[in-house]
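12 is the number of the first residue of the sequence shown in my numbering; add one for each residue after it.
C-beta: ideal position from N, C-alpha, C; glycine also.
The structure presented is a predicted model; accordingly, all values stated were derived computationally and were not measured.
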Amino acid sequence: MTSVIQKPENTPEHCPGTESDQAGKASACSGCPNQQICSSGPKGPDPGIALVKERLESVKNKILILSGKGGVGKSTVTALLSRALAARDNDQNIAVLDIDICGPSQPRVLGVADEQVHQSGSGWSPVYVDDNLSVMSIGFLLSSPDDAIIWRGPKKNGMIRQFLSEVDWGKLDYLLMDTPPGTSDEHLSAVTYLSQANLTGAVIVTTPQEVALLDVRKEIDFCRKTSINILGVIENMSKFICPCCQKESEVFPANTGGAERMCNELNVPFLGSLPLDPKVTRCCDEGRNFIEEVPDSPVIKSLDKIIAELIKKCQNNF
Ligand SMILES: Nc1ncnc2c1ncn2[C@@H]1O[C@H](COP(=O)(O)OP(=O)(O)OP(=O)(O)O)[C@@H](O)[C@H]1O
């Protein structure tokens, strides 16, 4: 995986990056507010990269969950995938890391919003949703769920480094990392710190309409530029199946053929689609286990197929 050049905030256009021998010395550096820090600061890769590598050695599959647009159901899909993977095999350990620093929703969706994380000699202990499903989120560190987090890039970077290097997950089969929409500071930080940690790949979540797909194309481009393996795209809320008459209707019309066609065009795997089910919305809002509460939902059938595809893709990596 190519590493992302580390740049402080407010850098000039041709900033050589903080790891470069030219940091603070290049002609582009003159007049930059960071020039002095860069020229005197330690060079070489961020030591956090090695710490993350070491910490995540006990995690078999590390998967980033991405979306181009907000609100397409990325957090919901992350929670559904984690619950389904955990329910499938009690001997496998699954975890969710919520690196959506400004909008952490995993504690609520997974029904553990009132829990707190604890620190021990071996790091932060995640919160356990089930015996084989754990979660870590900045949401657990806020004094109130209504607190706004207004942080600049370097502070978010520090938090992501801590999350990736200091959580004591134990042995894990799957670590799903829920990210904010788009390609922001959090993504660059995660990609940098995971650059030597053998990231399995990314799953991209979208809805079928063109405005969402346009942003997915950018997300695919981001993955290609940062050498992230794309495990596949999941189309969420592709259809609404009426619980009374089973009639299918399109909530977000796929005028351009939807995610599957886009995947074919761009040569990216399509993992499957999930219908919209109001019972899912309710369960997630209330933090209840959707798989146990509505096992007959059409979402479950589709989820099973997606999980099977995802497992195959992960196995192909080894
Ligand atoms: N398949 C689905 N069926 C029913 N409701 C869904 C489904 N997927 C997502 N939702 C609902 O859509 C809303 C948005 O989902 P979610 O918060 O997961 O989106 P997101 O992409 O993570 O948003 P953000 O960009 O804010 O992080 C939530 O109320 C969620 O319960």
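Environment of residue i [buried if 16+ CB atoms lie within 10 Å]
{"i": "Gln117", "result": "buried"}
{"i": "Arg235", "result": "exposed"}
{"i": "Gly81", "result": "exposed"}
{"i": "Val244", "result": "buried"}
{"i": "Cys256", "result": "exposed"}
{"i": "Ser69", "result": "exposed"}
{"i": "Gly212", "result": "buried"}
{"i": "Asn104", "result": "buried"}
{"i": "Glu197", "result": "buried"}
Where the beta strand (DSSP E) through residue i begins and ends
{"i": "Thr217", "result": "Gly212 to Thr217"}
{"i": "Asp179", "result": "Unbroken run through Asp179: none, as it is neither H nor E."}
{"i": "Lys73", "result": "Val70 to Ser78"}
{"i": "Ile136", "result": "It should be noted that the sequence gives Ser, not Ile, for residue 136. It spans Gly134 to Ser136 - the beta strand (DSSP E) in which Ser136 sits, taken as one unbroken run."}
Residue i Cβ short of 6 Å to ligand 1 heavy atom set
{"i": "Val291", "result": "yes"}
{"i": "Cys295", "result": "yes"}
{"i": "Pro219", "result": "no"}
{"i": "Ser86", "result": "yes"}
{"i": "Leu96", "result": "no"}
{"i": "Ser195", "result": "no"}
{"i": "Leu285", "result": "yes"}
{"i": "Pro254", "result": "no"}
{"i": "Val83", "result": "yes"}
{"i": "Ser249", "result": "no"}
Inter-residue Cα distance where the pair is residue i and residue j
{"i": "Ser206", "j": "Ser195", "result": "17 Å"}
{"i": "Leu224", "j": "Glu271", "result": "10 Å"}
{"i": "Glu259", "j": "Cys253", "result": "6 Å"}
{"i": "Ala37", "j": "Cys26", "result": "8 Å"}
{"i": "Met12", "j": "Gly35", "result": "Residue placement at Met12 cannot be trusted, given a pLDDT of 47 that sits under 50; what the coordinates show is reported in the next sentence. Cα to Cα, Met12 sits roughly 26 Å from Gly35."}
{"i": "Gly134", "j": "Glu126", "result": "17 Å"}
7 Å Cβ cutoff, residue i in contact with chain B
{"i": "Glu261", "result": "Here there is only one protein chain, and chain B is not present."}
Supposed contact pair residue j and residue i - C-beta distance, whole angstroms, cut 8 Å
{"i": "Gly269", "j": "Ile317", "result": "The pair is not a contact, with the Cβ atoms about 15 Å apart (cut-off 8 Å)."}
{"i": "Lys85", "j": "Ser78", "result": "4 Å"}
{"i": "Asp109", "j": "Ser145", "result": "Actually they are not in contact, since the Cβ atoms of Asp109 and Ser145 sit about 12 Å apart, beyond 8 Å."}
Bounding residues of the alpha helix (DSSP H) (the contiguous stretch that carries residue i)
{"i": "Asp226", "result": "Glu221 to Lys236"}
{"i": "Phe281", "result": "It is not in any alpha helix (DSSP H) - Phe281 instead sits in the beta strand (DSSP E) that spans Phe281 to Leu287."}
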